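K.L.:
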Amino acid sequence: MSRQETEALIAAYYEAFNQGDMDRFLSLLSEDVIHDINQGGREVGREAFAAFMQKMNTHYREQLVDIEIMSNGDGSRAAAEFVVLGEYLQTDVGLPEAQGQQYRLPAGAFFDVKDGKVARISNYYNLEDWITQVA
Numbered sequence: 012m013s014r015q016e017t018e019a020l021i022a023a024y025y026e027a028f029n030q031g032d033m034d035r036f037l038s039l040l041s042e043d044v045i046h047d048i049n050q051g052g053r054e055v056g057r058e059a060f061a062a063f064m065q066k067m068n069t070h071y072r073e074q075l076v077d078i079e080i081m082s083n084g085d086g087s088r089a090a091a092e093f094v095v096l097g098e099y100l101q102t103d104v105g106l107p108e109a110q111g112q113q114y115r116l117p118a119g120a121f122f123d124v125k126d127g128k129v130a131r132i133s134n135y136y137n138l139e140d141w142i143t144q145v146a
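So the sequence shown is residues 12 to 146, counted in the working numbering.
1) Beta strand (DSSP E) containing Q101: first to last residue?
2) Count Cβ pairs between the stretch 104 to 118 and the stretch 26 to 35 that sit closer than 8 Å; are there 3 or more?
3) Does the contact criterion of 3 or more C-beta pairs under 8 Å hold for the stretch 82 to 91 versus the stretch 57 to 74?
4) Whose C-beta lies closer than 6 Å to the C-beta of A62 among residues of the same chain, with five residues either side of it excluded?
5) Roughly how many whole angstroms lie between the Cα atoms of Q30 and L75?
6) Report the rounded CA-to-CA distance for T17 versus V44, giving the unit in angstroms.
7) Taking Cβ positions, are A22 and I78 nearer each other than 9 Å?
8) Just to confirm the assignment, what range does the alpha helix (DSSP H) spanning Q30 have?
9) May I have a chain-ordered list of the alpha helix (DSSP H) segments no shorter than 4 residues that lie completely inside the stretch 56 to 139?
10) Specify the secondary structure class of I142 as computed by DSSP and reduced to three states.
11) By the three-class DSSP mapping on this structure, what secondary structure does L37 have?
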């Protein structure tokens, strides 16, 4: 893929996320996508990613804004920086009690792209900042 095609793929990924279009969102991932969870483990496969997103959408309502996408010369890797505007809907295990708290959280992600699909995504944000905002 070209650099422009990769950046368009990542833009489509975030557009689908913001629209809550999980079918389109998941269709942009390779079948064996690698997902590195912020301050957590690694999951492999579109099915595992879908389950993760279902859990996230139960506990949080989020929109991503101020998205900046960058890619390397051959389009095989990309990065994005953005701000998460969120609402904590339902208490997540081991985290503060949810009471509809709103948060604003700077975040970033790194991608590998293969055959026109996202093959790896690693998300990063400051969990302590988030906890401070919702506690």
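Idealized CB from N, CA, C, for every residue including glycine.
Keep in mind it's a predicted model, so treat the numbers as computed, not measured.
P.N.:
With the structure as the only source:
1) As a working mapping, residue 101 is identified with position 90 in the sequence shown. Q101 -> no beta strand (DSSP E), and no H or E assigned at all.
2) no
3) no
4) Position 51 of the sequence shown, counted from the first residue, corresponds to residue 62. Correct list: empty, nothing qualifies.
5) For the purposes of this step, residue 30 is identified with residue 19 of the sequence shown, where counting begins at 1. For the purposes of this step, residue 75 is identified with residue 64 of the sequence shown, where counting begins at 1. Going by the C-alpha atoms only, they are around 10 Å apart.
6) Translated into the one-based positions of the sequence shown, residue 17 becomes position 6. Translated into the one-based positions of the sequence shown, residue 44 becomes position 33. Going by the C-alpha atoms only, they are around 16 Å apart.
7) The residue labelled residue 22 in the question sits at position 11 within the sequence shown. The residue labelled residue 78 in the question sits at position 67 within the sequence shown. Yes, Cβ-Cβ distance for A22 and I78 is below 9 Å.
8) Mapped onto the sequence shown, residue 30 falls at position 19. Run containing Q30: R14 to Q30, per the alpha helix (DSSP H) assignment.
9) 57 to 70
10) Stepping through the sequence shown from its first residue, residue 142 is reached at position 131. Helix, per DSSP.
11) The residue you call residue 37 lines up with position 26 of the sequence shown. Helix.
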